[in-house]
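One structure is given below, encoded as structure tokens.
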Amino acid sequence: MMRYYLMKRWVNQKIPLLGGKTPKESLRDTKNIHLLIGLIKERENDDDRNGEFNSNQTYSTYLGIDVAHYGR
Numbered sequence: 098m099m100r101y102y103l104m105k106r107w108v109n110q111k112i113p114l115l116g117g118k119t120p121k122e123s124l125r126d127t128k129n130i131h132l133l134i135g136l137i138k139e140r141e142n143d144d145d146r147n148g149e150f151n152s153n154q155t156y157s158t159y160l161g162i163d164v165a166h167y168g169r
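169 is the number that our numbering gives the last residue of the sequence shown; the numbers go up by one with no jumps.
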């Protein structure tokens, strides 16, 4: 449950790397989408390394984006 709230907070948080936009806002911004994909992959990889990864509850699924579509 805590993970859900952390994800919800993160996707609505303004991030300097994304030009001060939130991850949700960056989904619609073709200029920032690859930066957003990189951030999502980084967070999910960190979760995996820390033993916190849950394939049913990821940042990409929460945002409704298929990060594999964007390649590496």
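Each residue gets a CB set at the ideal place from its N, CA and C atoms; glycine is no exception.
Determine the burial state of residue i: buried for a count of at least 16 other Cβ atoms within 10 Å of its Cβ, exposed for fewer.
| i | result |
| --- | --- |
| residue 113 | exposed |
| residue 141 | buried |
| residue 118 | buried |
| residue 133 | buried |
| residue 115 | buried |
| residue 127 | exposed |
Where does residue i fall in DSSP's three states?
| i | result |
| --- | --- |
| residue 112 | strand |
| residue 158 | helix |
| residue 105 | helix |
Opposite residue i in the DSSP bridges: which residues?
| i | result |
| --- | --- |
| residue 118 | 112 |
Terminal residues of the continuous alpha helix (DSSP H) containing residue i?
| i | result |
| --- | --- |
| residue 131 | 130-146 |
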